[in-house]
Structures are given as C-alpha cells and as structure tokens.
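Participant: Taken in sequence, the protein lines are chains A and B. Here the first sequence stands for residues 1 to 308, numbered as in this note's numbering. Here the second sequence stands for residues 1 to 308, numbered as in this note's numbering. From the three backbone atoms N, C-alpha and C, an ideal C-beta is built for every residue, glycine too. All of these numbers come straight from a predicted model, not from anything done at the bench. Can you keep this structure in mind? I'll have questions shortly.
Number of protein chains: 2
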Amino acid sequence: MGMRCKRCGEPPVIEIRRHRAAFCAGCFVHHCHEQVRRTVDKLRMFGPDERVLVAVSGGKDSLMVWDVLLDLGYHAEGVYLGLGIGEYSDESGAYARDFAEKRGAALHEVPVSDTVGAGIPVAAKAMKRPPCSVCGLSKRHLLNRAALERGFGVLATGHNLDDEAAVLFGNVLTWKMDYLARQRPVLPATDGFARRVKPLVRLGERETAAYCIVRGIDYQVEECPMAAGNRHLRYKEALNSIEEHSPGTKAHFYLQFLEQLLPRLDDVAEDDKADLRECVRCGSPTTGELCAFCRLSDRVSASTDPAA
Amino acid sequence: MGMRCKRCGEPPVIEIRRHRAAFCAGCFVHHCHEQVRRTVDKLRMFGPDERVLVAVSGGKDSLMVWDVLLDLGYHAEGVYLGLGIGEYSDESGAYARDFAEKRGAALHEVPVSDTVGAGIPVAAKAMKRPPCSVCGLSKRHLLNRAALERGFGVLATGHNLDDEAAVLFGNVLTWKMDYLARQRPVLPATDGFARRVKPLVRLGERETAAYCIVRGIDYQVEECPMAAGNRHLRYKEALNSIEEHSPGTKAHFYLQFLEQLLPRLDDVAEDDKADLRECVRCGSPTTGELCAFCRLSDRVSASTDPAA
Chain A
1 MGMRCKRCGE
11 PPVIEIRRHR
21 AAFCAGCFVH
31 HCHEQVRRTV
41 DKLRMFGPDE
51 RVLVAVSGGK
61 DSLMVWDVLL
71 DLGYHAEGVY
81 LGLGIGEYSD
91 ESGAYARDFA
101 EKRGAALHEV
111 PVSDTVGAGI
121 PVAAKAMKRP
131 PCSVCGLSKR
141 HLLNRAALER
151 GFGVLATGHN
161 LDDEAAVLFG
171 NVLTWKMDYL
181 ARQRPVLPAT
191 DGFARRVKPL
201 VRLGERETAA
211 YCIVRGIDYQ
221 VEECPMAAGN
231 RHLRYKEALN
241 SIEEHSPGTK
251 AHFYLQFLEQ
261 LLPRLDDVAE
271 DDKADLRECV
281 RCGSPTTGEL
291 CAFCRLSDRV
301 SASTDPAA
Chain B
1 MGMRCKRCGE
11 PPVIEIRRHR
21 AAFCAGCFVH
31 HCHEQVRRTV
41 DKLRMFGPDE
51 RVLVAVSGGK
61 DSLMVWDVLL
71 DLGYHAEGVY
81 LGLGIGEYSD
91 ESGAYARDFA
101 EKRGAALHEV
111 PVSDTVGAGI
121 PVAAKAMKRP
131 PCSVCGLSKR
141 HLLNRAALER
151 GFGVLATGHN
161 LDDEAAVLFG
171 NVLTWKMDYL
181 ARQRPVLPAT
191 DGFARRVKPL
201 VRLGERETAA
211 YCIVRGIDYQ
221 VEECPMAAGN
231 RHLRYKEALN
241 SIEEHSPGTK
251 AHFYLQFLEQ
261 LLPRLDDVAE
271 DDKADLRECV
281 RCGSPTTGEL
291 CAFCRLSDRV
301 SASTDPAA
C-alpha cells in the first residue's frame, strides 16, 4: 500500500506535503486549475470578459499561468520583454514564442533596448546599480505600458507562493512598511497603472514545475545568470529549511500575512499614493518631474551615446 | 596591521561584524555595560532606586545580566527555579549559587515541584504536553509570583538579541497578532504582574558568551536536553544563515519591529487585557476561573498522587 491520488484513487505522480495529499497526472492538472480559478474568483482578480495580458518570461511560472488562464477560457495574450541578457534572453524568447505558437495565442514582444537604449547588463553598468534593481524598474514600467497601450486593464504575472513568501520574508526582515503595504496579490488599477494580479500565489514552485512537465510545456530551467547568489535566493533557502520540518509553514506565513497584517496597513498604502503626479515625458505616476524609468533611459542613453 | 580595538587602539579579542568594530577585553566589557545602561535608560526599564529581581538559569545570558546590573550599581537579587531536569538542573543550580556567592548577592531558590507537584519532565508527561510549553507556563507564573511575594516591582530576564529575533521570526511566520503585540522588551506592570524587562536585547549570544569568558564567569554551556531540535533552534539557524551574509540583519529585524510594527499593535494588546480577572485560588490574572498554572498543578498532582 502506498499513497493514492486524493481525487481518483489511482497511483499518484506528485505528493503535496502541505496539503497532505497526492495526485495522479490528470487530477494534478485539475487541482492546479481549481487553485487558480478559486484565487482569481475569491480575490476578484478579473471577470470572465476582461482581457488579460500575461507577463511571459519563458520560465515555468509565467508559461503555467498563461496556460491555465487559456484553459479556463479567459482571453489571455502574452507580453515578452527582451532583456538583452545574452544567450539567456535568446533562449527565453524561444520558449515564449514556441508556447504561443503551440497554443495559437498572441505574443507581444518588447525589447527593453528600444526605450532604455541598451539591455539590462549594459544599463546596470551605466547606472552603477545592481542588475536586479534596474531590471525590476524596467519590467514594472514596460509591462504596465504594454498593457495600457494595447487596451488591457489587467496585467497578470507568474509570481508563485515561494516567490511571494521570500519577498515577504525580505520585507519583514527590514520592516519597510510601504513595501509590506504594497505586497498584495491584487494591486487595483489607479491613474496610470493597469490592475496587477498574481494568480499563482497558492501554488509552490515545485508544483508549477510539475504542472509544466505533466502538460508537456517546455520552459527555460536555468535561473537568470545575473541573479545568482542574490538575497531573494537566500531567503528562499532559509524558508525551505523550515518548510522541510514543518510542511505548510510557507503557505501559512504568506496567506496569514494577507489576512492578519495587510488590513492594518491600509493607511500606509494610502499615504503612498498621496504625492503622485504624472511624469512630464511619459505620463507615468511619479513623485518627481521625470519618473524613475525616464531618468534611467536618459542616463543610459547619455552614457552609451557614441557621439558623447 | 590587523584590526584594532575601536576604543583604545590595542589588539582586539572580539570582532562584532554588525557594528563593524572590534574590542580589547576591557573595552568590550565597557561596551557591554554601555549597551545595557542605554537600553535600561532609553526604554525606561527601571530607575536607580528600584529593586530588580533577575531570573537566573545558570546560563551565560542570565548571569551576564545580573553581573552587569550589579556593576552598574543597581540593587539586583537573583531567583533560581529548580526545574527538576535531572543532572542538567543540578549543574545549573550550582552555577547560579557559585556566582551569587562570588558576588555576595542574594539568590532566592524556588523548586517547581513545591507548587506543581513534580519537576518539568514528569509534569509534561502527566499533561501530555511538550516540555517547553509546560516549562514556559511554570516559569512565567513562578517568576512573577517570586517577584511580587518578595516585594520586587521589576523582573529582569536574560533574553538576548538572538532569542528575541528567533521568537519574532516564529511569531511572524504564523502572524499571531496577540503574540506579536506582547513581544516587547518592557512589559509594564499590571494588576497581578510585575514589570518584566529584557536588558540584553541589544546584545547577541556570541557577545554574552564572550562577556562571561572575559569576566571569568562560569556558566552552564550545554543547552537544556528537553529543548533539543525544537523550532526555536531552527529559527535561530535560519536567521544565522542570513546574518552570515548580511551582518546586522538580525538586529535590524528586531529593532525595526519595535519601531515600525509594535506601535501599530497597541489595540491588540489592549483587547487582550480586557477580559482578565483574578484566579480564584492564586489571584493571578486569568480569563477563566482557575489560571492555567493552577490547572496545571491540579492535573499534575492528581496524576502523580500515589493514593489515586
């Protein structure tokens, strides 16, 4: 006697310890669909008639969220940012295009260099800032712009439970209240921002990898070479060492944060919005004249201009 | 050329990475005294004329806090609870008595079995509860009672920065708001409770060990055998793995919690106090008829009574 699929009783292919359950391949896909469907409905991420733009990196999480939303019958198109990180970017783009083609779904491609003037490695050097910081700023801006320009009210990302728990751990270690207040699975649309949603927050990265394998989705396995050894990965490791002994700790940590702490931080989120006005160049919300992204573009262009 | 004592320039014996500083033996003792003095004053733990009862286990932290308070000129007596944990308790008592004798300070001894009817291992078995839980309940009650009965308004414990950071990590992982609201370095006196203070919250356990070694204080090195492998130790390890890469993370985590989050939890702490009344037997604050400690004593006595 071994474990049995929780739903149909057949031999299982994956065990999920925090749920004390195991699933066969077919029922695991059903389980994932249900988790996403319930998350989208319960947190009112979007309705059946809304057009959703999915931020696609070519990795397991973003391809899974796109796949599930299509399966659930949503109108979901993809947007892929060309980050210019050498072979890594070449490969990630190929995975994204391959998936779009197989599913017959539209993929919008946006090279970062078109607006920033260079890819992430060159831009980070020009700015003398860590690449993950420049990359995050560029993604936030360009994904949002891609959604608004193409008439999407909703931007979906593939952040999973492990990502969110690690980010939460980092935010808790420093108690940056404004960061904590903004760490929500749904960030409502405001002037200049499309609604941002994270439909995979109830699924761990072991599950998103298993989903892609079971569904035959080819994805980029390697991590971004620029992120190696960063804090985010150490936070994941620290949480994993605890999860190993107490399955469910990570999910409880993140989901109870949403229930218990976030409601106490509404005033922080409000304070944050108070001072925003429009960037004089691109119209994005900003606290200064030019938004951080336009300042980035200016400085990168100036430093890489051959005439300078 | 190596590092130099931050204060006098002599060759150092200890480096404290989060302070980017090193100290010779004498200046390290001075540094520890200053840290405690500032903590006591800044957080208004007690004034120069208050009598302080120090909870002494025989370990490095409690002997250090007693030693420092005596050096700083406070009237500090010790209280030692006999937990009845075999050889471990025999040894810990010897260290406490030895220190009291060398410093010519008064030590009050309270065997847990006098009121509970048995030591911690037997009581935990009788209650079918984890020993750390029964021990914590007994300590809270008996230390408080020892302070009140002997006319001390203040009870000091040796909780250090590593202890507090690990407890905070555990409380954050579950987001138990009432536990978080109560995790303060000073818990004010209320009806039935002496003020409880933690003067070592700015010192890590590497520093409390070094202090005892430099000062020639013999302390019990081994951990309690009943606590081996508990969650608290895993939380410490997880935080240490992060501290290793980013010195100062632990201190920032705990100290910013006090600054940023605790002020937002005042209403939780208030709600908690609302329902308290006096235990009908011992007068301790409780939400029921009998306090949890008196219920513990009753059940342990019933199960160990040879006449039963």
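Give every residue of the same chain whose Cβ lies closer than 7 Å to the Cβ of B:Lys236, excluding the five residues on either side of it in the sequence, and list them in chain order.
Facilitator: Your numbering for residue 236 of chain B matches position 236 in the second sequence. Asp162 and Ala166.
Participant: With B:Val13 and B:Val36 assumed to form a contact (beta carbons below 8 Å), what rounded beta-carbon distance in angstroms separates them?
Facilitator: Indexing the second sequence from 1 puts residue 13 of chain B at position 13. Indexing the second sequence from 1 puts residue 36 of chain B at position 36. Contact flag wrong, Cβ pair sits at about 19 Å.
Participant: Curious, which full-length alpha helix (DSSP H) runs of at least 4 residues does the region 59 to 100 of chain B contain?
Facilitator: Whole alpha helix (DSSP H) segments, 4+ residues: 60 to 71.
Participant: Give me whichever residues DSSP pairs with A:His108 in a beta bridge.
Facilitator: Numbered from its first residue, the first sequence carries residue 108 of chain A at position 108. BP columns for A:His108 point to A:Val79.
Participant: Any beta carbon from chain A within less than 7 Å of B:Gln338's own beta carbon?
Facilitator: Absent from the model: residue 338 of chain B. The displayed extent of chain B is 1 to 308, so no value can be given.
Participant: Would you give the residue range spanned by the alpha helix (DSSP H) that B:Leu161 belongs to?
Facilitator: Taking the first residue of the second sequence as 1, we reach residue 161 of chain B at position 161. Its alpha helix (DSSP H) spans residues Leu161 to Thr174.
Participant: Tell me which residues share the same chain as B:Cys135 and place their Cβ nearer than 6 Å to its Cβ, disregarding the 5 neighbours each side in the sequence.
Facilitator: As a position in the second sequence, residue 135 of chain B is number 135, starting the count at 1. Once the five neighbours on either side are set aside, the close Cβ partners of B:Cys135 are Ile120.
Participant: Give me the chain B residues within the contact set of A:Ser241, using Cβ-Cβ distance strictly less than 8 Å, ordered along the chain.
Facilitator: Position 241 of the first sequence, counted from the first residue, corresponds to residue 241 of chain A. Those within 8 Å of A:Ser241 in chain B are Arg234, Glu237, Ala238 and Ser241.
Participant: Mind checking which residues open and close the beta strand (DSSP E) that includes B:Val197?
Facilitator: As a working mapping, residue 197 of chain B is identified with position 197 in the second sequence. Per DSSP, B:Val197 belongs to the beta strand (DSSP E) from Arg195 to Val197.
Participant: Do B:Arg7 and B:Pro247 have their C-beta atoms within less than 7 Å of each other?
Facilitator: Taking the second sequence and counting its residues from 1, one reaches residue 7 of chain B at position 7. Taking the second sequence and counting its residues from 1, one reaches residue 247 of chain B at position 247. No.
Participant: Under the rule that 16 or more other beta-carbon atoms within 10 Å means buried, what is B:Lys60, buried or exposed?
Facilitator: Here residue 60 of chain B is taken as the residue at index 60 of the second sequence, counted from 1. Answer is buried; the Cβ neighbour count reaches 16.
Participant: Going straight from the alpha carbon of B:Arg202 to that of B:Leu72, what length do you get?
Facilitator: As a position in the second sequence, residue 202 of chain B is number 202, starting the count at 1. As a position in the second sequence, residue 72 of chain B is number 72, starting the count at 1. In a straight line, the C-alpha of B:Arg202 is about 17 Å away from that of B:Leu72.
Participant: Provide the residue(s) that pair with A:Ile14 in DSSP beta bridges, ordered along the chain.
Facilitator: Taking the first sequence and counting its residues from 1, the one referred to as residue 14 of chain A is at position 14. DSSP, once it has assigned bridges, lists A:Phe23 as partnering A:Ile14.
Participant: Measuring alpha carbon to alpha carbon, tell me which of B:Val29, B:Asn171 and B:Arg97 ends up nearest A:Gln347.
Facilitator: The question about residue 347 of chain A has no answer here: the residues shown for chain A are numbered 1 through 308.
Participant: Residues of chain B with CB closer than 9 Å to the CB of A:His252, please, in chain order.
Facilitator: Mapped onto the first sequence, residue 252 of chain A falls at position 252. Those within 9 Å of A:His252 in chain B are Leu173, Thr174 and Trp175.
Participant: Who are the neighbours of B:Arg264 on chain A, taking C-beta pairs under 7 Å?
Facilitator: For the purposes of this step, residue 264 of chain B is taken as the residue at position 264 of the second sequence. Residues of chain A passing the Cβ test: Arg264.
Participant: Mind checking if A:Glu257 is an interface residue toward chain B, Cβ cutoff 7 Å exclusive?
Facilitator: As a working mapping, residue 257 of chain A is identified with position 257 in the first sequence. The sequence given here has Phe at residue 257 of chain A, not Glu. By this cut-off, A:Phe257 is an interface position.
Participant: Quick one: what does DSSP say B:Pro48 is sitting in, helix, strand or coil?
Facilitator: For the purposes of this step, residue 48 of chain B is taken as residue 48 along the second sequence, with counting starting at 1. Of the three classes helix, strand and coil, the one that applies to B:Pro48 here is coil, per DSSP.
Participant: Are the region 106 to 113 of chain A and the region 186 to 196 of chain A touching, with three or more C-beta to C-beta distances below 8 Å?
Facilitator: Not touching, per the Cβ criterion.
Participant: Could you tell me if B:Leu233 is buried or exposed, where buried requires 16 or more neighbouring beta carbons within 10 angstroms of its beta carbon?
Facilitator: In the second sequence, residue 233 of chain B corresponds to position 233, counting from 1. Exposed.
Participant: With a 10 Å radius around its C-beta and 16 neighbouring C-beta atoms as the bar for buried, classify B:Glu222 as buried or exposed.
Facilitator: For the purposes of this step, residue 222 of chain B is taken as the residue at position 222 of the second sequence. So B:Glu222 counts as exposed.
Participant: Quick one, which of A:Thr249, A:Cys279 and A:Thr304 has its alpha-carbon nearest A:Phe293's?
Facilitator: Here residue 293 of chain A refers to the residue found at position 293 of the first sequence. The shortest Cα separation from A:Phe293 among A:Thr249, A:Cys279 and A:Thr304 belongs to A:Cys279.
Participant: To the nearest angstrom, report how far apart A:Leu262 and A:Thr174 are at their CA atoms.
Facilitator: In the first sequence, the residue the question calls residue 262 of chain A occupies position 262. In the first sequence, the residue the question calls residue 174 of chain A occupies position 174. Going by the C-alpha atoms only, they are around 16 Å apart.
Participant: Is the Cβ-Cβ distance between B:Val65 and B:Val54 less than 7 Å?
Facilitator: Along the second sequence, read from residue 1 onward, the residue named residue 65 of chain B stands at position 65. Along the second sequence, read from residue 1 onward, the residue named residue 54 of chain B stands at position 54. Yes. Within cutoff.
Participant: Could you give the DSSP three-state label for B:Val201: helix, strand or coil?
Facilitator: Mapped onto the second sequence, residue 201 of chain B falls at position 201. Looking at B:Val201 - three-state DSSP - the assignment turns out to be coil, as it is neither helix nor strand.
Participant: What separation, rounded to the nearest whole angstrom, lies between the Cα atoms of A:Ala308 and A:Ser297?
Facilitator: Here residue 308 of chain A refers to the residue found at position 308 of the first sequence. Here residue 297 of chain A refers to the residue found at position 297 of the first sequence. Low per-residue confidence applies at A:Ala308: pLDDT is 49, beneath 50, and the placement is therefore not dependable enough to give any value.
Participant: If we ignore side chains and look at the alpha-carbon of each, how far apart do A:Cys291 and A:Ile242 end up?
Facilitator: As a first step, residue 291 of chain A must be located in the first sequence, where it is residue number 291. As a first step, residue 242 of chain A must be located in the first sequence, where it is residue number 242. Going by the C-alpha atoms only, they are around 40 Å apart.
Participant: What's the call for B:Ser133, buried or exposed, on a 16-neighbour Cβ count within 10 Å?
Facilitator: Numbered from 1 along the second sequence, position 133 holds the residue referred to as residue 133 of chain B. B:Ser133 should be labelled exposed.
Participant: Who are the neighbours of B:Thr249 on chain A, taking C-beta pairs under 9 Å?
Facilitator: Walking along the second sequence from the start, residue 249 of chain B turns up at place 249. Near B:Thr249 (Cβ distances below 9 Å), the residues of chain A are Leu173 and Thr174.
Participant: Report yes or no: is there a C-beta of chain A within less than 7 Å of the C-beta of B:Leu142?
Facilitator: Walking along the second sequence from the start, residue 142 of chain B turns up at place 142. It does not; no Cβ of chain A falls within 7 Å.
Participant: Does DSSP put B:Arg145 in a helix, in a strand, or in coil?
Facilitator: What you label residue 145 of chain B is simply residue 145 of the second sequence in a count that begins at 1. The answer is helix: DSSP assigns B:Arg145 an H, G or I state.
Participant: Please confirm whether B:Met45 and B:Ala22 have their CB atoms less than 7 Å apart.
Facilitator: Sequence index remark: in the second sequence, residue 45 of chain B carries index 45 (1-based). Sequence index remark: in the second sequence, residue 22 of chain B carries index 22 (1-based). No, the pair does not count as a contact, with Cβ atoms beyond the cut-off.
Participant: A:Arg231 to B:Ser138, Cα distance in whole Å?
Facilitator: Your numbering for residue 231 of chain A matches position 231 in the first sequence. Your numbering for residue 138 of chain B matches position 138 in the second sequence. Cα-Cα distance, rounded: 40 Å.
Participant: Can B:Arg264 and A:Arg264 be called in contact, C-beta distance under 7 Å?
Facilitator: Start at 1 with the first residue of the second sequence, and residue 264 of chain B comes out as number 264. Start at 1 with the first residue of the first sequence, and residue 264 of chain A comes out as number 264. Yes. Within cutoff.
Participant: Pick from A:Gly192, A:Ser113, A:Phe28 and A:Gly84: whose alpha carbon is nearest that of A:Ser301?
Facilitator: Your numbering for residue 301 of chain A matches position 301 in the first sequence. Among A:Gly192, A:Ser113, A:Phe28 and A:Gly84, the Cα nearest to that of A:Ser301 is on A:Ser113.
Participant: For a contact meaning CB atoms closer than 7 Å, what does B:Leu261 contact in chain A?
Facilitator: The count along the second sequence starts at 1 and reaches residue 261 of chain B at position 261. The contacting residues are Trp175.
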